[in-house]
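J.: Supplied in structure tokens, the structure appears directly below.
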């Protein structure tokens with residue numbers, strides 16, 4: 006299993022931020038062509054998400070409402086859509102062909118699920 010330390014992760018995000026800031030400062034930013042108006046995005050991805058408990062979503066939503074006063078044009082997830090991305094089970098590549106059998110095997114990547122929805126309580130979340 007690949008593990009990255011928090012120090013290395015912080016350094017990685019700092020480098021990403023520095024490259025992004027430099028690109029913005031010099032007018033060399035790049036837009037994802039798949040997200041431009043009229044684009045046809047052919048990428049497929051299968052991602053494991055964790056839903057947040059209702060009380061956590063309410064608390065987050067409280068702060069998002071305050072942020073919306075400062076940045077009203079920003080998109081904010083509705084509470085019903087809030088989630089934590091755990092991991093990608095299948096990466097997204099343009100024009101990738103993924104068979105129905107591959108999608109059917111994806112729940113087996115999570116031991117103990119047996120293909121059924123996976124439950125957890127999210128204890129310790131404020």
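Numbering (the working numbering), first residue to last: 6 to 131. Ideal placement from N, C-alpha and C gives every residue a C-beta, glycine not left out.
Could you tell me if residue 87 is buried or exposed, where buried requires 16 or more neighbouring beta carbons within 10 angstroms of its beta carbon?
T.: Position 82 of the chain shown, counting from 1, holds the residue named residue 87. When all chains shown are included, residue 87 counts as buried.
J.: Helix, strand or coil for residue 45, going by three-state DSSP, please let me know.
T.: Along the chain shown, one-based indexing puts residue 45 at 40. Under the three-state reduction of DSSP, residue 45 is assigned to coil, being neither helix nor strand.
J.: Near residue 22, which residues of its chain fall below 6 Å by C-beta distance, leaving aside the five closest residues on each side in sequence?
T.: Looking up residue 22 in the chain shown gives position 17. Nothing listed; no residue qualifies.
J.: Between which residues of its own chain and residue 18 is the CB-CB distance below 6 Å, once the five residues before and five after are set aside?
T.: Residue mapping note: residue 18 aligns to position 13 of the chain shown, counting from 1. Once the five neighbours on either side are set aside, residue 18 has no close Cβ partner at all.
J.: Using the DSSP secondary-structure output, state which residues sit across from residue 60 in a beta bridge.
T.: Translated into positions along the chain shown, residue 60 becomes position 55. Beta-bridge analysis with DSSP links residue 60 to no other residue.
J.: If you pair each beta-carbon of the region 26-37 with each one of the region 54-73, do three or more pairs fall below 8 Å?
T.: no
J.: Can you give the Cα-Cα distance for residue 44 and residue 61, rounded to whole angstroms?
T.: By one-based count along the chain shown, residue 44 stands at place 39. By one-based count along the chain shown, residue 61 stands at place 56. Cα to Cα, the separation comes out at about 35 Å.
J.: When DSSP labels each residue in this structure, what does residue 20 get in the three-state scheme?
T.: For this step, residue 20 is matched to residue 15 along the chain shown. Residue 20: helix per DSSP, three-state reduction.
J.: If I measure Cβ to Cβ from residue 54 and keep anything under 8 Å in the same chain, skipping five residues before and after, which residues do I get?
T.: Taking the chain shown and counting its residues from 1, one reaches residue 54 at position 49. Excluding sequence neighbours, residue 54 sits near 88, 89, 90, 91.
J.: Output the distance between the C-alpha atoms of residue 97 and residue 40, rounded to the nearest integer angstrom.
T.: Here residue 97 refers to the residue found at position 92 when the chain shown is read from its first residue. Here residue 40 refers to the residue found at position 35 when the chain shown is read from its first residue. Between residue 97 and residue 40, the C-alpha separation is close to 14 Å.
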